[in-house]
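Taken in sequence, the protein lines are chains A and B.
For what it's worth, the working numbering labels the leading residue of the first sequence as 1, then goes sequentially.
For what it's worth, the working numbering labels the leading residue of the second sequence as 1001, then goes sequentially.
The beta-carbon is built from N, C-alpha and C at its ideal position, and this holds for glycine as well.
Keep in mind it's a predicted model, so treat the numbers as computed, not measured.
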Amino acid sequence: MSGLTPFQTVGPFLHLGLRAGREPMTAQGLLTPIVITGRLLDGAGVGIEDGALEFWAPGFAGIGRAWTEAGGGYRLVGVKPPVRVDPDGAVHAPHFAVRVLARGILTQYLTRVYFGDEPDNARDEVLRLVPDDRRATLIAAAAAPPDYHLDIVVQGDRETVFFDL
Amino acid sequence: MTPQPGPALPASIAPAEPNVHPLPDSPAYRATALRHPTRALIAIPQTLTELTGPVFGLDSIAPLDHDLTRQHSGDPLGQRIVIEGRVLDEGGRPVPETLIEVWQANAAGRYAHRVDQWDAPLDPNFTGGGRTITDAEGRYRFVTVRPGAYPWRNHHNAWRPAHIHFSLFGQAFLTRLVTQMYFPGDPLLPIDPIFNSVPDPRVRERLIAAFDWSLTEPAFALGYRFDLVLRGRDETPMESR
């Protein structure tokens, strides 16, 4: 056995190192183009301007990375992951796993982004584990195609649901 | 229309060693105050989403990406060093073909970044970003210069110890690690809030590279060894989700 290496913060100069994955996310198949925008916000409602969001879904060609910018704004360009069914019949509505990294974040915060126009959200086994009054923090609002919008709030009344995995 | 069930899932990621990582709310590091969650985390099962991850082939790096001293026309100033190590999982197995990204200040302690406004000199021959991919045995190697310490605004007369940022993916979304490598004997370590955010002093030591004379290259560079350990898969595949 080997001792796990502890996390440390990415700090404010992450852009020098975390360079891969800033091109649009792609995957095999006829998938719907999407653009997700929003803000990464701290406990005072102020935009986190030096963060990175990482997006992943199985079958994609690589990680998707969005650096947050002025006002905490981020923008992810890609395609929507497909609905997935496990061998035991469990349904997974389209979603990305999302990781939040920033100065002042000593570890990583793990969340997901779902899509507001997907009927399978009601059957998704992870969304069903989230209390009703917090589920909306994981679901990007659908605007005119291809646009979706979701703020990620790391602390406070509107705090995004983060996962223990 | 519901798609047909997919194939069996990969083996789950084993529970991580407890009490290793910093507490998100670490008051000595002031920036955590408004950037840590206050609601309880929600436990969810590991699904295909978390059990897979991006694959980075050798074509995703250039031949000199691991050598931060050869990214410009001249040599950077500072003490040249080589860093070698292995990436293992918690079961002691090597993690092959995984991307490592690094970034650091120059020898004077200045980052080549618009946000760094300290007046230590920039080095036109040093940018401070590099990357590589581990080999079949999980080994990696970087060539760089030893970064300088630098002041920051966390508290009165605050200085960060010399460090190099490391980012690793491993083989699944859940195996990712972002950390910092420190140098042995640095007198700033005992008073650094970020290093000391790791609660257990013995676990903290895992972040300090070892000087290694066998890696030191005659008339070229001092050698340091830094092994990294990621979460790993359970030994036996799961029956189902």
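Item: Simplified DSSP assignment, three categories, for B/Gly-1232; Value: coil
Item: Beta-carbon separation (whole angstroms), B/Tyr-1150 vs B/Val-1087, contact threshold 8 Å; Value: About 28 Å; that fails the 8 Å criterion.
Item: Residue from A/Asp-151, A/Gln-155 and A/Gly-156 whose Cα sits closest to the Cα of A/Gly-71; Value: A/Asp-151
Item: Spatially closest choice to B/Ala-1008 from A/Gly-89, A/Thr-137, A/Ala-140 and A/Gly-11, by CA coordinates; Value: A/Gly-89
Item: Unbroken alpha helix (DSSP H) run spanning B/Arg-1202, endpoints; Value: 1201 to 1204
Item: Limits of the unbroken alpha helix (DSSP H) element including B/Leu-1023; Value: Note, B/Leu-1023: premise wrong, no alpha helix (DSSP H); not H, not E.
Item: Residue range of the alpha helix (DSSP H) that includes B/Thr-1049; Value: 1048 to 1051
Item: A/Ala-97, enclosing beta strand (DSSP E) - first and last residue; Value: 95 to 102
Item: Residue-level contact to chain A via CB, B/Phe-1220, 8 Å cutoff; Value: no
Item: For B/Arg-1241, three-class secondary structure by DSSP; Value: Bear in mind that the predicted position of B/Arg-1241 carries a pLDDT of just 47, short of 50, making it unreliable; the figure below should be weighed with that in mind. In this structure, B/Arg-1241 counts as coil in the three-state DSSP scheme.
Item: Under 7 Å (Cβ pairs) to chain B, residues found in the stretch 137 to 162 of chain A; Value: Val-154, Gln-155, Glu-159, Val-161 and Phe-162
Item: Bridge-paired residues (DSSP) for A/Ile-139; Value: A/Tyr-114
Item: Closer than 8 Å to chain B by CB, A/Gln-108; Value: yes
Item: Min CB distance A/Leu-31 to chain B below 8 Å; Value: no
Item: Sub-8 Å separation of A/Tyr-148 and A/Ile-34 beta-carbons; Value: yes
Item: Other residues of its chain near B/Pro-1037: CB distance less than 8 Å, five sequence neighbours each side excluded; Value: Pro-1024
Item: Below-8 Å beta-carbon distance, B/Glu-1090 vs any chain A residue; Value: yes
Item: Closer than 8 Å to chain B by CB, A/Ile-105; Value: yes
Item: Coil, strand or helix - A/Gly-89 by DSSP; Value: coil
Item: Residue-level contact to chain B via CB, A/Ile-34, 8 Å cutoff; Value: no
Item: Stretch-stretch touch, CB-based, cutoff 8 Å, three pairs: the stretch 1193 to 1210 of chain B with the stretch 1173 to 1183 of chain B; Value: yes
Item: Anticipated Cβ contact below 8 Å, A/Leu-53 with A/Val-91, distance rounded; Value: That pair is no contact at about 25 Å.
Item: Chain C contact for A/Trp-67 (CB, 8 Å cutoff); Value: Protein chains A and B are contained in the structure displayed, whereas chain C is not.
Item: Local Cβ density within 10 Å of A/Asp-164, reported as buried at 16 or more and exposed below that; Value: exposed
Item: The ligand PLP heavy atom lying under 7 Å from the CB of B/Pro-1010; Value: Judged by which ligands are present, the structure shown has none, so any question about the ligand PLP falls away.
Item: Residue environment, B/Gln-1117, which counts as buried when at least 16 other CB atoms sit within 10 Å; Value: exposed
Item: Straight-line Cα distance separating A/Ile-105 from B/Arg-1202; Value: 22 Å
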